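Chemist:
Number of protein chains: 2
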Amino acid sequence: MSSRTGRPPKISLPEIVEAARRVVDTDGVAKLTMRRLAQELGSTPMAVYHHVRDKDELLVLLLDAYAEENMLKPELPDDPRERVVLAARAMHDSLVRVSWVVEVITADDLMSESALWYVENIVDGAMACGLTAEQAVHAYRAIWYYVAGEIIIHRKASRRRAADDRPTYRDRVFAELDGADYPRLAEVGARWGELTAQDTFETGLRALVNGLIT
Amino acid sequence: MSSRTGRPPKISLPEIVEAARRVVDTDGVAKLTMRRLAQELGSTPMAVYHHVRDKDELLVLLLDAYAEENMLKPELPDDPRERVVLAARAMHDSLVRVSWVVEVITADDLMSESALWYVENIVDGAMACGLTAEQAVHAYRAIWYYVAGEIIIHRKASRRRAADDRPTYRDRVFAELDGADYPRLAEVGARWGELTAQDTFETGLRALVNGLIT
DNA sequence: ACCTGAACACCGTTCAAGT
DNA sequence: ACCTGAACACCGTTCAAGT
């Protein structure tokens with residue numbers, strides 16, 4: 001009773017996803033267009049549309065494929081607070097490796113199924129520290145905002161740094177800074193660039209976790 | 001010695017920015033294209049290009065115009081820790097009102113000059129609590145990650161909610177959740193949607209500030 | 001100096017037809 | 001059932017010419 005009629009398929013969903021990965025890995029997510037993908041497959045854009053509803057669906061499929069093998073799941077310590085910190089750190093580090101993902105991810109507050117491991121461990125650690133289920137979920141969300149914000153801002157900032165030769169908008173603003181209006185910023189002044197270049201993700205994360213888990 | 005020759009201008013930079021604002025206010029930032037803008041001006045795309053280098057420059061100009069009049073600057077309390085919280089809250093609330101802005105903003109860790117007020121007050125409050133200049137800048141960045149992350153994720157989530165009729169990806173994931181692998185998430189279960197719909201920005205912010213300022 | 005029109009090199013997606 | 005080709009309705013930007 002199963003498929004008996006019709007033209008035999010030339011491309012399959014796994015092949016499509018694999019081709020999409022090749023494009024993203026070599027040329028970046030911005031270059032992933034339906035046309036470029038079809039070219040990579042030796043096919044036409046519309047052949048792809050027979051397997052996926054639209055480009056968004058393709059991106060979700062791609063996300064899952066990446067998640068499957070890029071998610072770091074380190075051994076977590078017994079101490080519940082430290083478990084929260086290290087789970088969040090692992091979530092962050094996994095996402096940074098495929099940072100184009102956040103542009104897709106932020107569509108929802110929960111990403112693919114593979115990310116549940118992080119959520120579970122963060123919520124569990126928080127509850128083991130004495131938070132209620134409700135508080136633990138709220139704590140997870142605060143952590144997710146922090147992690148996502150850090151990744152997005154860093155990604156954009158480093159893209160700028162790579163592309164731009166002239167001084168950044170920020171540099172100009174600081175150069176023209178009025179010390180009377182903004183004494184603290186004037187005090188920090190030229191060190192701003194240096195200070196914001198430092199990686200302070202984990203210290204910030206620990207502060208957040210400490211604040212969330214009294 | 002100044003301009004003597006040449007055709008008289010038909011459109012000015014202020015007019016361009018004003019027209020861009022009309023487009024963004026009525027139809028959203030996604031509809032702001034050079035062609036649509038030209039139409040709004042009763043002109044051609046290339047006339048605009050004579051006044052701005054490219055679309056990015058237009059967006060920065062637009063950002064400044066919005067910032068000038070949308071930035072909330074409430075009276076801040078004397079207590080330095082509370083000053084940090086309320087400055088961050090005001091920064092957040094100002095940005096939410098023009099949330100399309102974050103898509104442009106995140107290009108750098110500092111936005112327009114108008115945002116310096118927030119930065120100054122956050123850094124100042126942190127230093128008044130005993131942090132060094134260096135620590136205060138790092139604290140500001142952690143707060144900015146949190147604020148930016150919250151705005152971006154909320155913006156995207158609400159866009160989805162408006163557009164989509166079918167159940168979200170998240171709902172499907174939770175429905176198929178394996179309680180053995182993820183006991184805590186199974187425990188929270190159906191309440192997830194309800195819990196993540198709550199506005200917990202300020203409690204999260206206070207936790208972060210408390211963690212940053214011992 | 002400032003503006004116009006046509007064109008280039010792209011997009012995602014729909015539609016009608018082919019095998 | 002699956003694929004193709006042409007077309008639609010867009011983009012940002014460049015180029016050559018007009019006033």
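Those protein sequences? They're chains A and B, same order as listed. The opening residue of the first sequence carries number 1 in the working numbering; numbering runs sequentially from there. The opening residue of the second sequence carries number 1 in the working numbering; numbering runs sequentially from there. Beta carbons: idealized from backbone N, C-alpha and C, even for Gly. Predicted model only: the values in this text are computed from it and were never measured.
(1) Using a Cβ-Cβ cut-off of less than 8 Å, list which residues of the region 89–104 of chain A approach chain B; keep chain order.
(2) Any contact between the region 45–53 of chain B and the region 78–91 of chain B? By contact I mean 3 or more CB pairs, one from each, below 8 Å.
(3) DSSP on Ile-153 (chain B), reduced to helix/strand/coil?
(4) Starting from Ala-180 (chain B), find everything on chain A with Cβ-Cβ shorter than 9 Å and list it in chain order.
(5) Applying a beta-carbon distance threshold of less than 8 Å, which residues of chain A neighbour Met-127 (chain B)?
(6) For the region 27–98 of chain A, which segments carrying the alpha helix (DSSP H) assignment without a break, of at least 4 residues, lie completely within its bounds, in sequence order?
(7) Would you decide whether Glu-150 (chain A) is buried or exposed? Buried here means 16 or more other CB atoms lie within 10 Å of its CB.
(8) For Leu-41 (chain A) and Glu-15 (chain A), which I take to be in contact (beta-carbon distance under 8 Å), what is that distance rounded to the nearest angstrom?
(9) So that I know if they touch, is there some Cβ in chain A lying closer than 9 Å to that of Gly-216 (chain B)?
(10) Shortest alpha-carbon distance to Leu-205 (chain A) belongs to which of A:Ala-88, A:Glu-187, A:Met-127, A:Asp-93?
(11) Measure how close the beta-carbons of Val-24 (chain B) and Trp-144 (chain B) come, nearest whole angstrom, since I'm counting them as under 8 Å.
(12) Closest to Ser-114 (chain B) by CA distance: which of A:Phe-174, A:Glu-187, A:Leu-32 is it?
(13) Of all the residues that make up the region 140–156 of chain A, which are near chain B by a beta-carbon distance shorter than 8 Å?
(14) Using a Cβ cut-off of 9 Å, pull out every chain B residue sitting near Ala-133 (chain A), in sequence order please.
(15) Give the single residue among A:Arg-191, A:Leu-76, A:Ser-94, A:Leu-86 whose Cα lies nearest to the Cα of Glu-69 (chain A).
(16) Which of helix, strand or coil does DSSP assign to Ala-190 (chain B)?
(17) Using 9 Å as the limit for Cβ to Cβ distance, is Val-85 (chain B) near chain A?
(18) Any Cβ of chain A within less than 9 Å of the Cβ of Leu-61 (chain B)?
(19) Quick check on the burial criterion: 16 or more other C-beta atoms within 10 angstroms. Buried or exposed for Asp-108 (chain A)?
(20) So that I know if they touch, is there some Cβ in chain B lying closer than 9 Å to that of Met-1 (chain A)?
(21) Quick check: what's the CA-CA separation for Val-84 (chain A) versus Gly-211 (chain B)?
(22) Among B:Arg-191, B:Ala-180, B:Leu-58, B:Glu-134, whose alpha-carbon lies nearest the alpha-carbon of Ala-190 (chain A)?
(23) For a quick check, are the C-beta atoms of Ile-152 (chain A) and Ala-136 (chain A) less than 9 Å apart?
(24) Give a yes or no on whether the C-beta atoms belonging to Leu-62 (chain A) and Leu-13 (chain A) are separated by under 9 Å.
(25) Helix, strand or coil for Asp-25 (chain A), going by three-state DSSP, please let me know.
(26) As a quick exercise: from B:Arg-155, B:Trp-117, B:His-154, B:Ala-157, pick the residue whose alpha carbon is nearest that of Tyr-140 (chain B).
(27) Between Tyr-277 (chain A) and Tyr-146 (chain B), how many whole angstroms is the CB-CB distance? I'm expecting something under 8 Å.
(28) Closer than 9 Å, CB to CB, is Leu-13 (chain A) near chain B or not?
(29) Please list the terminal residues of the continuous alpha helix (DSSP H) segment that includes Thr-203 (chain B).
(30) Suppose the cutoff is 6 Å on Cβ atoms and the five residues either side in sequence are ignored; what does the same chain contact list for Ser-2 (chain B) look like?
(31) Give the range of the alpha helix (DSSP H) segment to which Ala-115 (chain B) is assigned.
(32) Determine, using beta carbons only, whether Arg-184 (chain B) and Met-127 (chain A) come nearer to each other than 9 Å.
(33) Chain B partners of Asp-78 (chain A), CB-CB under 8 Å?
Modeler: This is what the structure holds:
(1) none
(2) no
(3) Ile-153 (chain B) carries a helical assignment under DSSP once its states are collapsed to helix, strand and coil.
(4) Close partners of Ala-180 (chain B) in chain A (Cβ separation under 9 Å) are lacking, with about 11 Å as the shortest Cβ gap.
(5) Arg-184
(6) Listed in chain order, the complete alpha helix (DSSP H) runs (minimum 4 residues) inside the region 27–98 of chain A are 34–41, 45–49, 55–70, 80–97.
(7) Buried, by the Cβ-count rule.
(8) 7 Å
(9) The structure shown does not extend to residue 216 (chain B), since chain B is modelled only from 1 through 214, so no value can be given for it.
(10) A:Ala-88
(11) Not quite, the Cβ-Cβ distance comes to about 24 Å (not below 8 Å), so this is no contact.
(12) A:Phe-174
(13) Arg-141, Ala-142, Trp-144, Tyr-145, Tyr-146, Val-147, Ala-148, Gly-149, Glu-150, Ile-152, Ile-153, Lys-156
(14) Arg-184, Glu-187, Val-188, Arg-191, Leu-195
(15) A:Ser-94
(16) coil
(17) no
(18) Not one beta carbon of chain A lies nearer than 9 Å to the beta carbon of Leu-61 (chain B).
(19) Here Asp-108 (chain A) scores only 48 on pLDDT, less than 50, and its place in the model is too uncertain to base an answer on.
(20) Reliability of the predicted coordinates at Met-1 (chain A) is poor, the pLDDT of 46 falling under 50, and no value is obtained from them.
(21) 15 Å
(22) B:Glu-134
(23) no
(24) no
(25) helix
(26) B:Trp-117
(27) This structure cannot settle anything about residue 277 (chain A), because the visible part of chain A is limited to 1 through 214.
(28) Under the 9 Å criterion on CB atoms, Leu-13 (chain A) is classed as non-interfacial with respect to chain B.
(29) 201–212
(30) In this predicted model, Ser-2 (chain B) has a pLDDT of only 47, less than 50, meaning its place in the structure is not dependable enough to derive any value.
(31) Premise fails: Ala-115 (chain B) is in no alpha helix (DSSP H) and is neither H nor E.
(32) yes
(33) What Asp-78 (chain A) touches in chain B: nothing, since even the nearest Cβ is about 16 Å away.
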